[in-house]
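Asks: Dropping a structure here in structure tokens format, bear with me for questions.
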Amino acid sequence: MKTWVTPGGVHPPENKHQSLTLPIGTLPLPEKLLIPLSQHIGAAATPCIEVGKKVLKGQVIAHATGPVSVPMHAPTSGTITAIEHRPIAHSSGMLAPCIEITSDGRDKWKKHEGIADYEHASPSTLLKAVADAGIAGMGGAGFPSAVKLNPGRQRPIHTLIVNATECEPYITADDSAIRERAAEIIEGIGILSQILGNPSNILIGIEDNKPEAIAALEPLVLDTGIRVASFPTKYPSGGEKQLIYILTGKEIPSGDLPADIGMVCVNIGTTYAIKRAIVNGEPLISRVTTMTGDACGINRNYDTLIGTPVSHMLAHSEFNEQACSRLVMGGPMMGFSLTSSDVPIVKTTNCILAPSYDEIPDDEPAQACIRCGMCAEACPVSLLPQQLFWYSQADDQERLEAHNLFDCIECGACSYVCPSNIPLVQHYRHSKGEIQKARAEKIRSDHARERFEFHQQRIEQADKDKEAKRAARREAAEQAKAKAKAAPDSAAAGGNPMGGSAADIIAAAQARAAAKQVSPEQQQAKFERSIAGAEMRVQMAEEKLATASDSSTDEQKNILNAAIEGAKQKLEQAKARLAEHVEQQNGEQVD
Amino acid sequence: MAFKQITSPHAHASQNTSKVMQLVVWATVPGLIALTYHFGWGSLINVVLATATAVIAEAAVLQLRGRSIAFYLRDYSAVLTAVLLGLALPPLAPWWVVVVGTLFSIVIAKQLYGGLGYNPFNPAMVGYVILLISFPIQMTTWITPLALLPDGVSHPGIIESLSIVFAGLNPADGVTGATPLDSFKFSDGLLVDQIYAQNPLFSQAGFAGVGWEWVNVGFLIGGLILLGSKIFTWHGPVAMLGAIAVMSILFWDGGSSDSPGSALMHLFSGASMMGAFFIMTDPVSSAASNRGRLIYGALIGVLVYLIRAWGNYPDAVAFAVLLANFAAPFIDNYTLPRTYGHIDRRRATEKEEDQ
Ligand code: SF4
Ligand code: SF4
């Protein structure tokens, strides 16, 4: 079968033979298992069980939280003894919520059975079973498989690629699983194909350094339409993007997913887990993990329960702590160092590497970058690592993005070859973090700016509204003025030289009242109230005049009379206004 | 149990910068042997003297800059610069020429710019050019190749050579002479065939110029060793030599008196091979990407030819390399490789929004 060659790549010593001398083994049951609620990409699972409860092997102990998440199952029977934050295997050595199970030693399964007649089950039934089994990609990233296998109708899948590359040195988990479980793996691939609507092209990509595994697969794929594609060993051929290119010659556009070009790429360990879930009804509670490195007397693969503490594994592998230069989860190229061996094996743990100082000595101090370009020769995605390093040190984010920093897959090939021992990948991770922070910051400030702009807009709108009202009032006033001119006697009646402006004021008041859109009823009530007030004042003034008439001076009487007169006038005015208003209302009603 | 936290990758290839530098130094040996055989002890004395000066100067500057002397001296970059300068200087040049040039290379061209990895110009070539401009007489006096020494005259022995270098003793008559490139340049009015017939530098030569052709072969061998060890890629050297060849073929007029000489002569004369495999391959001051190095190399090749043919200096590698050093960052901006998943290569100055 034709394969393509990726640029760059390196050939580190493979060191795979050590762990392949023995078949896959099983560890004694650990006393306690620790199941982190987040072992995958997506939302952490939600515990659905309390401390003190007894559980059976395979029982759900945490539900998936939302669509991109997976549930967790009890890897063995026992009692829930803690639900709390514990150190987990993470490059930052952080604490994360975990469920601790104390084993009862019986390892008793809950009742479980596979989907009968699964060959005729619908893709959605199978997908649900995959989701319920808690399966997340077992090659490294841990993306929920049910999500990956459901790319939606607008992205039909024509190519299914099964990743059996295992290009990292030391790791043999997939290799040994294929050797011993090839038939089940092929069955799993059949199920995957069924879920994906039988893609026309099904390829198993495997490096040519695994002849036994290839030999195990080849007789089984005859007449199945599945093809085994082997290609020259080179790190990192097992990256999803690299493998797709090697097998199909196609590249996934930057920022897209394989499904966008009609492809799905699944790790071969995942296909086995899917077979166990569909055919046997077993959730994902164990996986093959390689225990290797010269600091361990026993190098082999174990079928390991998820949640097994690394220390338990080491204890049964003749581990010599003094001889161990570092403890790595994963392989020597992309694995991350563990600061404590108390952390558990998770769904993505393919290897525990305990090398001696001879194998992997302590890092030498970094020398200056001599711009030799060896890193660029090694980069599988054709970046210029030396330039990225330069701009990373200068924190020149624009240049970093122009040099496609985010296309770096952090494979470590550049650091591997760098003669100056520069921890390039570390710089790139840091810079990616910084840029993401800056982006988030920008989004936040964009939001703030948008909010501010919206606020500004509202203020402007309010100003405009006010202005419009003012204009309306002015117009109403103009009209009233015009009216007043048309009936000059009303202005002249008062004999007031300021009559015009008085009329203006009244008209403006009327306009204001109109602008306020007071209902005619309210208006009438208001007039009636002012009439009542005026009447009262007239009455009070008359009473005062009556009581004061004997003893009061003329002057006082005059004042009181004037008050009565004023009050009476106001009363008249009010009455007139009311009449006018009522008339107006009637007129309008008639119209 | 507690373990160290170390970032990936954990594995590391056995290559390291000190080893790279040492290998390059060793790869100059064939060239040095050829030089010594054909031109006497002078080059060896240059190399040793320059190296001693460079190590002392580097240590002194590191001390002043408060850096670890042992750590930085161990990268062998100062030694390499000194060796290359020593090889480029005329054999039996006065000692102070060598010392001044080395000091310029190490102190000004390298350390003042921030030390290894930060120098925009090739340090050895900066030293060389400064010497060429300051002391043109000393810098253009070459030794007569062994095969052309007059009867009864031989290259000075080691003791005599040392006296010439350090005590200013004058070498015997006939020991110094012109280089093939000089001869070509300053033999106006003669047809190429005539030059070849008259000038023993050519008439007795195998294919380019007596002595020089073997010096170039020596550096070619060393260069191929480095290429085989993947110290650098083929792009730069091939582009440079290719450009020299193309230029000399393009301007080859059949051998008129104006002719600047044949392709073979240009490729195997002067510092062509040393320049292509040891000077322009200095990674620090060259372009970064393979594509960039193709352009960078071709630029040097063209400049070398232009300066040799029409410039005032008979050889031109130093000037051409320094000029190309200027251009390197600019070349870098436009020669980014196409990254996986991208339709096109990008410009280094591109902004995200431009896309
Ligand atoms: S390999 Fe190391 S020293 Fe060489 S260019 Fe890359 S980062 Fe610089
Ligand atoms: S870590 Fe990034 S830059 Fe380095 S080789 Fe891998 S992809 Fe290229």
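Chains as they are written, first to last, in the working numbering: chain A, 9 to 599; chain B, 12 to 366.
Note that the Cβ used here is the ideal one computed from N, Cα and C, for glycine as well.
1) For A:Glu475, count the other beta carbons within 10 Å of its own beta carbon; 16 or more makes it buried, fewer makes it exposed. Which is it?
2) Please classify B:Trp225: is it buried, with 16 or more other beta-carbons within 10 angstroms of its beta-carbon, or exposed?
3) Just to check my reading of the structure: A:Ala303 and A:Ser364 have Cβ atoms closer than 8 Å, yes? What is that Cβ distance to the nearest angstrom?
4) Roughly how many angstroms lie between the CA atoms of A:Gly343 and B:Gly97, to the nearest whole one?
5) According to the Cβ coordinates, are A:Tyr310 and A:Thr11 closer than 8 Å?
6) How long is the line joining the alpha carbons of A:Ser111 and A:Gly86, rounded to whole angstroms?
7) If you drop the 5 nearest sequence neighbours on each side, which residues of the same chain put their C-beta closer than 6 Å to that of B:Ala327?
8) Pick out whichever of A:Ser294, A:His320 and A:Gly305 has its Cα sitting closest to the Cα of A:Leu313.
9) Count the other CB atoms within 10 Å of the CB of A:Cys106; is the residue buried (16 or more) or exposed (fewer)?
10) Could you say which of B:Ala38, B:Pro134, B:Pro147 and B:Arg302 lies nearest to B:Gly247 if we only look at CA atoms?
11) Using a threshold of 7 Å, is the CB atom of A:Pro20 nearer than that to any non-hydrogen atom of ligand 2?
12) Can a CB atom of chain B be found closer than 8 Å to the CB of A:Leu346?
13) List the residues of chain B that A:Met299 touches, going by C-beta distances under 9 Å, in chain order.
14) What distance in whole Å lies between the Cβ atoms of B:Phe50 and B:Pro105, which are believed to be in contact at a cut-off of 8 Å?
15) Could you check whether the Cβ of A:Leu396 sits closer than 7 Å to any heavy atom belonging to ligand 2?
16) Would the segment 329-338 of chain A count as touching the segment 361-379 of chain A if we require 3 or more Cβ pairs under 8 Å?
17) Between A:Tyr436 and ligand 2, is there a pair consisting of the residue's CB and a ligand heavy atom that are separated by less than 7 Å?
18) Taking buried to mean at least 16 other C-beta atoms within 10 Å of its own C-beta, is A:Leu157 buried or exposed?
19) For B:Leu159 and B:Phe177, what's the separation of their Cα atoms in angstroms?
20) Measuring alpha carbon to alpha carbon, tell me which of B:Ala68, B:Ile67, B:Pro41 and B:Val66 ends up nearest B:Leu55.
21) Considering only residues of the same chain and omitting the five flanking positions on each side of B:Val35, which have a CB-CB separation below 8 Å?
22) Are A:Ile186 and A:Ile234 close, meaning C-beta to C-beta below 8 Å?
23) For B:Lys15, decide whether its Cβ has a neighbour in chain A, counting only Cβ atoms nearer than 8 Å.
24) Give every residue of the same chain whose Cβ lies closer than 7 Å to the Cβ of A:Gln26, excluding the five residues on either side of it in the sequence, and list them in chain order.
25) Which residue wins for smallest C-alpha separation from A:Ala154, given the options A:Met321, A:Ser77, A:Ile222 and A:Met102?
26) Could you give the DSSP three-state label for A:Ile69: helix, strand or coil?
27) Counting only C-beta atoms, is A:Cys377 closer than 8 Å to chain B at any point?
28) Which residues, in order along the segment 259-282 of chain A, keep a beta-carbon less than 9 Å from a beta-carbon of chain B?
29) Only counting runs of 3 or more residues, tell me where the beta strand (DSSP E) segments fall wholly within the segment 347-433 of chain A, in order along the chain.
30) DSSP on B:Trp321, reduced to helix/strand/coil?
31) Leaving out five residues before and five after A:Tyr126 in sequence, what residues of the same chain have Cβ atoms less than 6 Å from its Cβ?
32) Tell whether a beta-carbon distance below 8 Å holds between A:Val351 and A:Ala97.
33) So, does the CB of A:His128 fall closer than 8 Å to a CB anywhere in chain B?
34) Residues in the segment 173-196 of chain A with C-beta within 7 Å of chain B's C-beta atoms, listed in sequence order?
35) Can you look up A:Asp264 in the DSSP assignment and give me helix, strand or coil?
36) Against B:Glu361, what residues of chain A qualify as contacts under a CB-to-CB distance less than 7 Å, listed in chain order?
Replies: Taking the structure as given:
1) As a first step, residue 475 of chain A must be located in the first sequence, where it is residue number 467. Looking at its Cβ environment, which holds fewer than 16 other Cβ atoms inside 10 Å, A:Glu475 is exposed.
2) To locate residue 225 of chain B, count along the second sequence from 1; it is residue 214. Its Cβ being crowded by 16 or more others within 10 Å, B:Trp225 is buried.
3) Numbered from its first residue, the first sequence carries residue 303 of chain A at position 295. Numbered from its first residue, the first sequence carries residue 364 of chain A at position 356. Going by Cβ atoms, the distance from A:Ala303 to A:Ser364 rounds to 5 Å, so yes, they are a contact pair.
4) Within the first sequence, numbered from 1, the residue matching residue 343 of chain A stands at position 335. Within the second sequence, numbered from 1, the residue matching residue 97 of chain B stands at position 86. One C-alpha to the other measures close to 47 Å.
5) For the purposes of this step, residue 310 of chain A is taken as the residue at position 302 of the first sequence. For the purposes of this step, residue 11 of chain A is taken as the residue at position 3 of the first sequence. No.
6) Sequence index remark: in the first sequence, residue 111 of chain A carries index 103 (1-based). Sequence index remark: in the first sequence, residue 86 of chain A carries index 78 (1-based). For A:Ser111 and A:Gly86, the distance between alpha carbons rounds to 4 Å.
7) Numbered from 1 along the second sequence, position 316 holds the residue referred to as residue 327 of chain B. Here the set comprises Val315, Ile318 and Arg319.
8) For the purposes of this step, residue 313 of chain A is identified with residue 305 of the first sequence, where counting begins at 1. Ranking the options by Cα distance to A:Leu313, first place goes to A:Ser294.
9) Numbered from its first residue, the first sequence carries residue 106 of chain A at position 98. So A:Cys106 counts as buried.
10) Walking along the second sequence from the start, residue 247 of chain B turns up at place 236. Measuring from the Cα of B:Gly247, the nearest candidate turns out to be B:Arg302.
11) Locating residue 20 of chain A in the first sequence gives position 12, counting from the first residue. Answer for A:Pro20: no, Cβ out of range of ligand 2.
12) Indexing the first sequence from 1 puts residue 346 of chain A at position 338. True, the Cβ-Cβ gap to chain B drops below 8 Å.
13) By 1-based counting over the first sequence, the position of residue 299 of chain A is 291. Here the premise fails: no neighbours, minimum Cβ distance about 15 Å.
14) As a working note, residue 105 of chain B is residue 94 in the second sequence. As a working note, residue 50 of chain B is residue 39 in the second sequence. At roughly 16 Å, the Cβ-Cβ gap does not stay under 8 Å, so B:Pro105 and B:Phe50 are not in contact.
15) Working through the first sequence from its first residue, we reach residue 396 of chain A at position 388. Yes.
16) yes
17) For this step, residue 436 of chain A is matched to residue 428 along the first sequence. Under cutoff, so the answer is yes.
18) Here residue 157 of chain A corresponds to residue number 149 of the first sequence, with the count starting at 1. It counts as buried.
19) If you number the second sequence from 1, residue 159 of chain B lands on position 148. If you number the second sequence from 1, residue 177 of chain B lands on position 166. Taking the straight line joining both Cα atoms gives about 26 Å.
20) By one-based count along the second sequence, residue 55 of chain B stands at place 44. That would be B:Pro41, whose Cα lies nearest to the Cα of B:Leu55.
21) Against the second sequence, residue 35 of chain B aligns to sequence position 24. The residues are Leu91, Leu237, Ile242 and Phe289.
22) The residue you call residue 186 of chain A lines up with position 178 of the first sequence. The residue you call residue 234 of chain A lines up with position 226 of the first sequence. Contact flag unset, no.
23) Sequence index remark: in the second sequence, residue 15 of chain B carries index 4 (1-based). Taking Cβ atoms only, chain A reaches closer than 8 Å to B:Lys15, which makes this a yes.
24) Working through the first sequence from its first residue, we reach residue 26 of chain A at position 18. So the qualifying residues of the chain are Thr300 and Asn307.
25) As a working mapping, residue 154 of chain A is identified with position 146 in the first sequence. The candidate whose alpha carbon is nearest that of A:Ala154 is A:Ser77.
26) In the first sequence, residue 69 of chain A corresponds to position 61, counting from 1. Three-state result, A:Ile69: strand.
27) The residue you call residue 377 of chain A lines up with position 369 of the first sequence. So, interface residue.
28) Glu259, Ile260, Pro261, Ser262, Gly263 and Asp264
29) 359-361
30) Translated into the one-based positions of the second sequence, residue 321 of chain B becomes position 310. In the structure shown, B:Trp321 sits in a helix (DSSP, three-state: H, G or I).
31) Taking the first sequence and counting its residues from 1, one reaches residue 126 of chain A at position 118. So the list reads Ile286, once near-sequence residues are dropped.
32) Taking the first residue of the first sequence as position 1, residue 351 of chain A is located at position 343. Taking the first residue of the first sequence as position 1, residue 97 of chain A is located at position 89. Yes, Cβ-Cβ distance for A:Val351 and A:Ala97 is below 8 Å.
33) In the first sequence, counting from the first residue as 1, residue 128 of chain A sits at position 120. No, because no Cβ of chain B sits closer than 8 Å to the Cβ of A:His128.
34) Pro177
35) If you number the first sequence from 1, residue 264 of chain A lands on position 256. Coil at A:Asp264, not helix or strand.
36) Counting from one through the second sequence, the residue named residue 361 of chain B turns up at place 350. Per Cβ cutoff of 7 Å: Ala410.
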